[in-house]
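Report on the structure given below.
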Amino acid sequence: MADRVAWLAGWVILALVMVPVALMVTALWQQSADVLSVGFLLEDPGRAGRSGGIAALLISTGWILALCLLVAVPVGLGCALYLSESLPADSRRAQWLGGVLDMLAAVPSIVYGLFGYQFFAITLGLGFSILSGALALSLMVLPLMIRSAEQAMRAVPMGYRQARDALALSRWGWVRRILLPCAAPGIAVGIILSAGRALAETAVLLFTAGYVLRRPDSLFDSGRTLSVHIYDLAMNVPGGMPRAAATAVVLVALLVVLNLLVRRVLRQPMTEALV
Amino acid sequence: MITTSSLPLSDRLLTLVLRLCGGLAALVLGGIVVVLLVQALPFLINEGAGIWQSTWQPGQGEYGMAPMIAGSLFVSVLALVLAAPVAVLLAAWLRYFAPRLRRPVLAGVELMAGIPSVVYGLWGMLVLVPWINQWVPPGASWLAGSLVLGLMIVPLALLVTDAALGQLPLRYQRAGEALALSRVGMLRRVLLPRAAPGIVGGVVLQFGRALGETMAVLMVCGNVVQWPDSVFAPVRTLTANIALEMAYATGDHRVALFASGLLLIAVTGLLLMASWRLRGVSHG
Numbered sequence: 001m002a003d004r005v006a007w008l009a010g011w012v013i014l015a016l017v018m019v020p021v022a023l024m025v026t027a028l029w030q031q032s033a034d035v036l037s038v039g040f041l042l043e044d045p046g047r048a049g050r051s052g053g054i055a056a057l058l059i060s061t062g063w064i065l066a067l068c069l070l071v072a073v074p075v076g077l078g079c080a081l082y083l084s085e086s087l088p089a090d091s092r093r094a095q096w097l098g099g100v101l102d103m104l105a106a107v108p109s110i111v112y113g114l115f116g117y118q119f120f121a122i123t124l125g126l127g128f129s130i131l132s133g134a135l136a137l138s139l140m141v142l143p144l145m146i147r148s149a150e151q152a153m154r155a156v157p158m159g160y161r162q163a164r165d166a167l168a169l170s171r172w173g174w175v176r177r178i179l180l181p182c183a184a185p186g187i188a189v190g191i192i193l194s195a196g197r198a199l200a201e202t203a204v205l206l207f208t209a210g211y212v213l214r215r216p217d218s219l220f221d222s223g224r225t226l227s228v229h230i231y232d233l234a235m236n237v238p239g240g241m242p243r244a245a246a247t248a249v250v251l252v253a254l255l256v257v258l259n260l261l262v263r264r265v266l267r268q269p270m271t272e273a274l275v
Numbered sequence: 001m002i003t004t005s006s007l008p009l010s011d012r013l014l015t016l017v018l019r020l021c022g023g024l025a026a027l028v029l030g031g032i033v034v035v036l037l038v039q040a041l042p043f044l045i046n047e048g049a050g051i052w053q054s055t056w057q058p059g060q061g062e063y064g065m066a067p068m069i070a071g072s073l074f075v076s077v078l079a080l081v082l083a084a085p086v087a088v089l090l091a092a093w094l095r096y097f098a099p100r101l102r103r104p105v106l107a108g109v110e111l112m113a114g115i116p117s118v119v120y121g122l123w124g125m126l127v128l129v130p131w132i133n134q135w136v137p138p139g140a141s142w143l144a145g146s147l148v149l150g151l152m153i154v155p156l157a158l159l160v161t162d163a164a165l166g167q168l169p170l171r172y173q174r175a176g177e178a179l180a181l182s183r184v185g186m187l188r189r190v191l192l193p194r195a196a197p198g199i200v201g202g203v204v205l206q207f208g209r210a211l212g213e214t215m216a217v218l219m220v221c222g223n224v225v226q227w228p229d230s231v232f233a234p235v236r237t238l239t240a241n242i243a244l245e246m247a248y249a250t251g252d253h254r255v256a257l258f259a260s261g262l263l264l265i266a267v268t269g270l271l272l273m274a275s276w277r278l279r280g281v282s283h284g
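Keeping their order, the protein sequence lines are chains A and B. Under the numbering used here, residues 1 to 275 are what the first sequence spells out, in order. Under the numbering used here, residues 1 to 284 are what the second sequence spells out, in order.
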């Protein structure tokens, strides 16, 4: 009897989560229906975003994402190699570094924004620019990148390591010829997850990459990402709602594609890396 | 005995570079704290007591953050109260009552976890705020913030709970079945209590995430600096305050915002340590 009730109650709880999500999808779709078209992706925005499309923002977003990964991926791989190859998992230093990474992952993104503003934009003199934004963002995605790459490297079978020792392979040879190729799928997943996290982020970029709507001329120009555009149109531009919703649809579509990509690489849910 | 000096040059270089990368991660955390401290310390020494006051009037040199600290706490606590039971019960239900649904729902939930917070905020502005407004104006309120935040917390809380339940030995379930316990009884008496530390540890971590969340809360809470007198009153959180005022703040005002950032790091750091303790993770 109790089990029957619980079984039914579960459906109610599931509905509590699914109904708001369905409402979100329909609301975004309705708002953006008149605006969404291929032209929306190809035109530059006009009148503070009330007219036109999002071409300039796609360019800024692409630059910021590319630079962010350009910094986060090599440093992340280095740190992951250090954790998985130079330190035993239960050593004091590995646990300590793991704690630091957890702390970094827990720092609120607005604080990364404050830090990036003070350090990159002011102290280093980069100003409100694509470069400041990308650097601040790369720090934010670093823990995720490191953790997923480390997981992939630790999963390389012990037998390979024993064979390496028996053959007295050089460390560099081992890393380049065996470890990285074996861990490549997991590392790819880490990169895709980091890209998704970077695309979704807004608060870090408000005072680092800035708000400027036109196409950036150089990396020292301010540039607005899709997520900042959604925020600005929704909050500060009267009549901006349809284009905010349309931009949100584009952004979510991009993230869904990344998610499907992860699934393809892994062929199983990526639960651990997300938690 | 292999010593470092006998390794080829490329290997010595590799070791050095890897150490540097490891050190860099630690340096970033240290750097964030130091940069914020350097900015905020003189202010904290001179006016540190003032931030606990109730009046936020940067124009008149009054930097009382108490209503915004309360706003952050209220919004996050209500979000957690709404989301945690939903997430925990749903995770348990998926594992023990509807295992065939578990895979597809978890996949959907992972997708939800990746949706940007601005999009959740936009949804709040489009649907939730007008809906609450019909009921009790003005709509943009503590409740709206907690509902949006709650929806954002559910996916990760659910994944954490699912992982905690998955780590329980299968023999508990087998023993329960052998004793012909009802599944509800088994969950309530055996499985959930057993997994409780992991679940609570994960939920505490989500509380930290809720406190640090900026965009969604900024878009739906109304952003009035006040002590809310009901869940329908607008509030402003610490994070929203930073996002709203950093663009034009100067002098002490700007420094006060850095001080609130420092407060946010301190609180999320403490919550993380509490979560470590609960989950039995040791970090040296």
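C-beta: ideal position from N, C-alpha, C; glycine also. Here the structure is a predicted model, which means the values were calculated and not measured.
Can you give the Cα-Cα distance for residue i and residue j, rounded to whole angstroms?
| i | j | result |
| --- | --- | --- |
| B/Gln167 | A/Leu266 | 21 Å |
| B/Leu20 | A/Met103 | 19 Å |
| A/Val252 | B/Ile115 | 7 Å |
| A/Pro269 | A/Ala22 | Only weak support is given to the placement of A/Pro269: the predicted model assigns it a pLDDT of 46, under 50, and the value that follows is read from those uncertain coordinates. Whole-angstrom Cα-Cα distance: 22 Å. |
| A/Leu131 | A/Leu67 | 7 Å |
| B/Trp93 | B/Val129 | 31 Å |
| A/Leu69 | A/Ser86 | 24 Å |
| A/Ala27 | B/Ala113 | 19 Å |
| B/Leu14 | B/Val200 | 41 Å |
| B/Phe43 | B/Gly251 | 10 Å |
| B/Thr3 | B/Leu29 | No answer about B/Thr3 holds up, because its pLDDT of 49 lies below 50 and its placement is not dependable. |
| B/Val33 | A/Val111 | 10 Å |
| A/Ala234 | A/Val156 | 47 Å |
| A/Thr271 | B/Glu110 | For A/Thr271, the pLDDT reaches just 43, beneath the cut-off of 50, and the residue's location in the model is therefore unreliable, although a value from the coordinates is still provided. Distance between the alpha carbons of A/Thr271 and B/Glu110 is about 8 Å. |
| A/Ala166 | A/Ala72 | 34 Å |
| B/Pro138 | B/Pro228 | 13 Å |
| B/Pro8 | B/Gly280 | 41 Å |
| B/Val86 | A/Val175 | 45 Å |
| A/Gly256 | B/Gly108 | A small correction: the amino acid at residue 256 of chain A is Val; Gly does not occupy that position in the sequence shown. Answer to the nearest angstrom: the Cα atoms are 11 Å apart. |
| A/Ala198 | B/Trp131 | 32 Å |
Find the residues of chain A that neighbour residue i, judging by a C-beta separation of less than 7 Å, and give them in chain order.
| i | result |
| --- | --- |
| B/Cys21 | Val75, Gly78, Cys79, Tyr82 |
| B/Phe97 | Ala6, Trp7, Gly10 |
| B/Glu143 | A small fix is needed here, since residue 143 of chain B is Leu in this sequence, not Glu. Per Cβ cutoff of 7 Å: no residues; B/Leu143 is ~14 Å from chain A at best. |
| B/Ala243 | Ile110, Ala203, Leu206 |
| B/Leu264 | Pro108, Val111 |
Anything in chain A within Cβ reach of residue i, meaning under 8 Å, just list it in chain order.
| i | result |
| --- | --- |
| B/Asp11 | Ser170, Arg171, Trp172 |
| B/Leu126 | Ala27, Leu28, Gln31, Met241, Ala245 |
| B/Ala26 | Leu97, Val100 |
Among residues of its own chain, excluding the 5 on either side of residue i, which ones have a beta-carbon nearer than 6 Å to its beta-carbon?
| i | result |
| --- | --- |
| B/Trp52 | Ala66 |
| A/Thr61 | Thr225, Leu226 |
| A/Val107 | none |
| B/Leu56 | Note that residue 56 of chain B corresponds to Trp in the displayed sequence, not to Leu. Hits under 6 Å: Gly64, Val225. |
| B/Ala256 | Tyr63 |
| A/Ala105 | Pro143 |
| B/Asn223 | Arg236, Ala240 |
Output needed for residue i: all residues of its chain with C-beta closer than 7 Å, excluding positions within five of it in sequence on either side, in chain order.
| i | result |
| --- | --- |
| B/Gly150 | Ala79, Leu82, Ala83 |
| A/Ser148 | Gly186, Val189, Gly190, Leu193, Ala273 |
| B/Gly176 | Met186, Val190 |
| B/Tyr120 | Val148, Leu151, Met152, Ala216 |
| B/Phe258 | Leu36, Gln39, Ala40 |
| B/Met125 | Met219, Val220 |
How would you list, in chain order, the residues of chain B whose beta-carbon sits under 8 Å from the beta-carbon of residue i?
| i | result |
| --- | --- |
| A/Val175 | Leu14 |
| A/Met145 | Per Cβ cutoff of 8 Å: no residues; A/Met145 is ~10 Å from chain B at best. |
| A/Ile298 | Nothing in the structure corresponds to residue 298 of chain A, since chain A is present only between 1 and 275. |
| A/Asn259 | Glu110, Leu111, Gly114 |
Thinking residue i and residue j are a contact (beta carbons under 8 Å), I'd like their distance in whole angstroms, please.
| i | j | result |
| --- | --- | --- |
| B/Leu271 | B/Val204 | 6 Å |
| A/Ser138 | B/Asp11 | Not really, about 28 Å apart at Cβ, beyond 8 Å. |
| A/Ala245 | B/Leu122 | 7 Å |
| B/Val136 | B/Phe74 | Not really, about 17 Å apart at Cβ, beyond 8 Å. |
| A/Phe286 | A/Gly127 | Here chain A has residues from 1 to 275 only, and residue 286 of chain A is not among them. |
| B/Leu89 | A/Ile13 | 5 Å |
| A/Gly52 | A/Pro45 | 4 Å |
Which residues of chain A have a Cβ atom closer than 9 Å to the Cβ of residue i, listed in chain order?
| i | result |
| --- | --- |
| B/Gln39 | Leu114, Gln118 |
| B/Ser117 | Ser109, Ala200, Glu201, Thr202, Ala203, Ser227 |
| B/Gly269 | Met103, Ala106, Val107 |
| B/Trp56 | Going along chain A, no residue has its Cβ under 9 Å from B/Trp56, so there is no contact; the nearest lies around 17 Å. |
With 9 Å as the threshold, decide whether the Cβ of residue i is near any Cβ in chain E.
| i | result |
| --- | --- |
| A/Pro108 | This model lacks chain E altogether, as its protein chains are A and B. |
What residues of chain B sit near residue i, judged by a beta carbon separation below 9 Å?
| i | result |
| --- | --- |
| A/Ser86 | Thr15, Leu18, Arg19, Gly22 |
Which whole runs of the alpha helix (DSSP H) in the stretch 189–265 of chain B are 4 residues long or more, in chain order?
-> Qualifying alpha helix (DSSP H) stretches, in chain order: 192–212, 215–220, 238–245.
What residue ranges within the stretch 130–154 of chain B form continuous alpha helix (DSSP H) runs of no fewer than 4 residues, ordered along the chain?
-> Counting only runs that start and end inside the stretch 130–154 of chain B, there is no alpha helix (DSSP H) element of at least 4 residues.
Output the residue ranges of the alpha helix (DSSP H) runs that lie fully inside the stretch 71–133 of chain B and measure 4 residues or longer, sorted by chain position.
-> As summarised for the stretch 71–133 of chain B, the continuous alpha helix (DSSP H) elements at least 4 residues long and confined to that stretch are 99–114, 117–123, given in chain order.
For the stretch 108–182 of chain A, which segments carrying the beta strand (DSSP E) assignment without a break, of at least 3 residues, lie completely within its bounds, in sequence order?
-> Runs found: none.
Every unbroken alpha helix (DSSP H) within the stretch 11–82 of chain A, with a cutoff of 4 residues, ordered by chain | Runs of the alpha helix (DSSP H) inside the stretch 11–82 of chain A: 38–42, 55–81.
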